[in-house]
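For reference, the structure is listed below as structure tokens.
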Amino acid sequence: MGQVGALDRSSRPHTPNARRKATYPQLAKPAQRCQPANRWTSISKLLAVGFSLRIFAACLSHSGQGKAPMYGDFEAQRHWMEITTRLPVSQWYFHDAEWWRLDYPPLTAYHSWILGKIGSMANASWFDLYTSRGCEELGLKAFMRTTVFASELLIFVPAVYLAVSQLAQLRVGKMSARHTQIALVALLLQPAMILVDHGHFQYNTVMLGLFLAAMGSFLADYHLAGCLLFVGALGFKQMALFYAPAVAAYLAGTCFVPTVRPFRLVAIAAVTTASFAALYAPLLFGTWYDIAHKLQLPPATTGGPRLLLLFGALPADFQPFAIQIAQSIHRMFPFSRGLFEDKVANIWCSIHFSGVYKLAKHHSPETLSLAALALTMFLILPPCLVIFFRPRKSLVTLAFTTCAWGFFLCSYQVHEKNVLLPLVPMTALLAGEQGARAATRAWVGFANIVASWTLYHLLIKDDLQVAYLPLLGVWLYAMDMPPFSFKIYQKSSEHGGPSRLSKCVHLSAYAATATWHLVEAFIPPPASKPDLWIVANMILGCMAFFSCYLWCLAALIAESGFAGDVRTLLKSCSQGPQSFWYHAFRSVSIIR
Numbered sequence: 001m002g003q004v005g006a007l008d009r010s011s012r013p014h015t016p017n018a019r020r021k022a023t024y025p026q027l028a029k030p031a032q033r034c035q036p037a038n039r040w041t042s043i044s045k046l047l048a049v050g051f052s053l054r055i056f057a058a059c060l061s062h063s064g065q066g067k068a069p070m071y072g073d074f075e076a077q078r079h080w081m082e083i084t085t086r087l088p089v090s091q092w093y094f095h096d097a098e099w100w101r102l103d104y105p106p107l108t109a110y111h112s113w114i115l116g117k118i119g120s121m122a123n124a125s126w127f128d129l130y131t132s133r134g135c136e137e138l139g140l141k142a143f144m145r146t147t148v149f150a151s152e153l154l155i156f157v158p159a160v161y162l163a164v165s166q167l168a169q170l171r172v173g174k175m176s177a178r179h180t181q182i183a184l185v186a187l188l189l190q191p192a193m194i195l196v197d198h199g200h201f202q203y204n205t206v207m208l209g210l211f212l213a214a215m216g217s218f219l220a221d222y223h224l225a226g227c228l229l230f231v232g233a234l235g236f237k238q239m240a241l242f243y244a245p246a247v248a249a250y251l252a253g254t255c256f257v258p259t260v261r262p263f264r265l266v267a268i269a270a271v272t273t274a275s276f277a278a279l280y281a282p283l284l285f286g287t288w289y290d291i292a293h294k295l296q297l298p299p300a301t302t303g304g305p306r307l308l309l310l311f312g313a314l315p316a317d318f319q320p321f322a323i324q325i326a327q328s329i330h331r332m333f334p335f336s337r338g339l340f341e342d343k344v345a346n347i348w349c350s351i352h353f354s355g356v357y358k359l360a361k362h363h364s365p366e367t368l369s370l371a372a373l374a375l376t377m378f379l380i381l382p383p384c385l386v387i388f389f390r391p392r393k394s395l396v397t398l399a400f401t402t403c404a405w406g407f408f409l410c411s412y413q414v415h416e417k418n419v420l421l422p423l424v425p426m427t428a429l430l431a432g433e434q435g436a437r438a439a440t441r442a443w444v445g446f447a448n449i450v451a452s453w454t455l456y457h458l459l460i461k462d463d464l465q466v467a468y469l470p471l472l473g474v475w476l477y478a479m480d481m482p483p484f485s486f487k488i489y490q491k492s493s494e495h496g497g498p499s500r501l502s503k504c505v506h507l508s509a510y511a512a513t514a515t516w517h518l519v520e521a522f523i524p525p526p527a528s529k530p531d532l533w534i535v536a537n538m539i540l541g542c543m544a545f546f547s548c549y550l551w552c553l554a555a556l557i558a559e560s561g562f563a564g565d566v567r568t569l570l571k572s573c574s575q576g577p578q579s580f581w582y583h584a585f586r587s588v589s590i591i592r
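Going by the UniProt record's numbering, the residue at position 253 of the sequence shown is 253; the numbering climbs one at a time, nothing skipped.
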């Protein structure tokens, strides 16, 4: 890890204002002209290509298409529109646990309700209770695909622009406009995201957009607005918890380092609490409405019995509201379902499916959940400590990315689509100070390539393989990445390029992915091990993602100056307790 971090730090150019060679030939010429209209010409073309690719992916099959009895995520999203528009609010989190139960926070339910109401205006039969299950009419598909476009356009695209523009303001020199454009294209053309949301079918861009908007607000010093937006991200999908420890550490750091700001701390706590209250207000109001109209409420025994113990002392009038909160939380965190459900490129699945050690066979779900918690805490603690003691804006993106990688690698009930959570902020690094470095561009490209590759077995399930190469190829061409260009690997680490170790890791992984595709296409797996190629994909992907975690952590520590402080602190131990405590106080109190 030390070698990766030490050698990947790029030395700044000796002449910051000097004209440098174009990093991205496809984007360089317009960026070097003075006229803003010309500057955005190639960007507009690439974004038009991105829109065309979204249309292309949307015209293909979706998750579970024609695959009874449960179909897939497309049916899950449609079904949530069905239950939110056809059932009383108090029934949403209790309805039919056997058929795509609503297991996301209330903001997803409200989003489904809005879309379901709009869709019902076009054709109410699409959302008829029970009888509409498995509906795959062409009109419904067109409507559902359009809702993904609309949600992305209204939330994700503005959030990307906000976050990228704020990151660009942290840069020095005259090249920031070009890197801003590059980061915008990298995020808006991101192949893994398009494959998951517009191909497989989900609404991840809503949660990711709210997160990016929150990050942009933090960078703009609008901490309270950022808290509101981040609660919105958590309220849409609980997977935003991947960022929560780092977000909390950063906000706490701004309140305590270098000076204590009690009013800011109280304001952040108040806004966060009020935001969660507002998140649950419609659900609780709907429950009150059902009580007032004497509708039958769900029985208390179905709603997360452990959580209900927390509300047992409440008066009887408050019990229905407590049951709603408990049931929604119980649905969001299904610990009874086990450590994992499918083959994901993280540590637990790699250990279990590789045959090294059958976790589920030797340990109970409770033991595995505690192990996941312990290992996740071990990986996320370093970035959280760094961003708490060094709450600098330039470190925010790296800290959030490192924390998200830690969750993806070790957390409980991780899905393959969750790779988008570390991938989006890591791609946003291109807009910041680190984006000028070839090492950063190499690692961002590496993460995106491997992430798309680890989704390939999901694409096979959904018959979406035809979208894989076009989406990934356009992104690689726009970013000037292998196999179209190897320029970033020709730079030495002394001039900002990747270290030798990084080059070895990346080029070996690229060779492995190419070999894997050839083997998967032409050599069937043994009959006794039908998932052999999928398991190989998963294990190699896990190793690659762990290297991304190590690089992000090493870069974060190097940027923060923590390594030098630790060396100084250790050296001061030999000079007596007075020197030790002086340097200890200085290292945690001063933002350099």
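Idealized CB from N, CA, C, for every residue including glycine.
Residue from the options with nearest C-alpha to residue i
i, options, result
"Leu189", "Trp533, Met207, Ser528, Trp475", "Trp475"
"Met239", "Met207, Leu251, Ala478", "Met207"
"Phe56", "Thr41, His198, Ile118", "His198"
"Phe218", "Lys529, Ala159, Phe318, Asp463", "Ala159"
"residue 597", "Gly497, Cys542, Ala220, Thr376", "Outside the shown range of the chain (1 to 592) lies residue 597, about which nothing can therefore be said."
"Ala249", "Asp103, Val386, Glu559", "Val386"
"Ser364", "Leu339, Asp128, Ala345", "Leu339"
"Cys548", "Leu455, Leu409, Asp531, Leu472", "Leu409"
"Leu154", "Pro382, Lys529, Gly209, Phe446", "Gly209"
"Cys504", "Leu471, Ala544, Leu518, Lys529", "Ala544"
"Leu395", "Ile449, Ala48, Met81, Arg171", "Arg171"
"Tyr510", "Ile347, Thr454, Ala558", "Thr454"
"residue 594", "Ser502, Arg54, Asn448", "Not covered by the structure: residue 594. The range shown for the chain is 1 to 592."
Cα-Cα separation between residue i and residue j, rounded to whole angstroms
i, j, result
"Ala183", "Lys393", "17 Å"
"Asp73", "Ala142", "16 Å"
"Pro391", "Phe400", "12 Å"
"Ala274", "Val535", "45 Å"
"Gly66", "Glu136", "8 Å"
"Arg337", "Ala514", "35 Å"
"Phe335", "Val419", "20 Å"
"Gly64", "Lys461", "8 Å"
"Thr397", "Lys237", "20 Å"
"Glu433", "Thr440", "10 Å"
"Ile118", "Ser52", "25 Å"
"Tyr477", "Phe484", "6 Å"
"Thr301", "Tyr130", "Since pLDDT at Thr301 reaches only 43, below the 50 mark, its modelled position is unreliable, and no value is offered."
"Cys384", "Pro282", "33 Å"
"Arg264", "Thr272", "12 Å"
"Arg261", "Leu379", "29 Å"
"Leu167", "Val49", "25 Å"
"Phe388", "Val257", "8 Å"
"Phe333", "Ser369", "11 Å"
Residue j beta carbon less than 8 Å from that of residue i
i, j, result
"Tyr110", "Gln327", "no"
"Tyr71", "Gly139", "no"
"His495", "Ala442", "no"
"Pro320", "Leu297", "yes"
"residue 675", "Ala213", "Since the first residue of the chain shown is 1 and the last is 592, residue 675 is not available in this structure."
"Met538", "Lys361", "no"
"Leu458", "His95", "no"
"Ala372", "Tyr412", "yes"
"Cys403", "Phe562", "no"
"Ile268", "Leu295", "no"
"Ala345", "Gly497", "no"
"Arg331", "Leu87", "no"
"Ser125", "Thr205", "no"
"Ala428", "Lys491", "no"
Neighbour-count burial assignment, residue i, 16 or more Cβ in a 10 Å radius
i, result
"Gln465", "exposed"
"Lys358", "exposed"
"Gly235", "buried"
"Met77", "In the sequence under discussion, the amino acid at residue 77 is Gln, which differs from the Met named in the question. Flag for Gln77 reads buried."
"Val266", "exposed"
"Asp480", "buried"
"Pro30", "Residue placement at Pro30 is poorly supported in this model, since its pLDDT is 38, which falls under 50; the coordinates still yield a value, given next. Pro30 is buried by the Cβ-count criterion."
"Lys21", "The predicted position of Lys21 is uncertain, since its pLDDT is 48 and thus under 50; no value can be drawn from it."
"Trp405", "buried"
"Arg500", "exposed"
"Phe546", "buried"
Worksheet entry | Ranges of the alpha helix (DSSP H) found wholly within the stretch 429–464, counting only runs of at least 4 | 438–454, 456–461
Item to complete: Note down, one range per segment and in chain order, each alpha helix (DSSP H) of at least 4 residues found wholly within the stretch 195–282.
Response: 204–219, 223–236, 244–256
Worksheet item: Which full runs of the alpha helix (DSSP H) of 4+ residues lie inside the stretch 326–385, going along the chain?
Response: 347–353, 359–362
Discussion item. Report the start-end ranges of each beta strand (DSSP E) in the stretch 78–133 that is 3 residues or longer and not cut off at the edges.
Written reply: For the stretch 78–133, there is no continuous beta strand (DSSP E) assignment of 3+ residues that stays within its boundaries.
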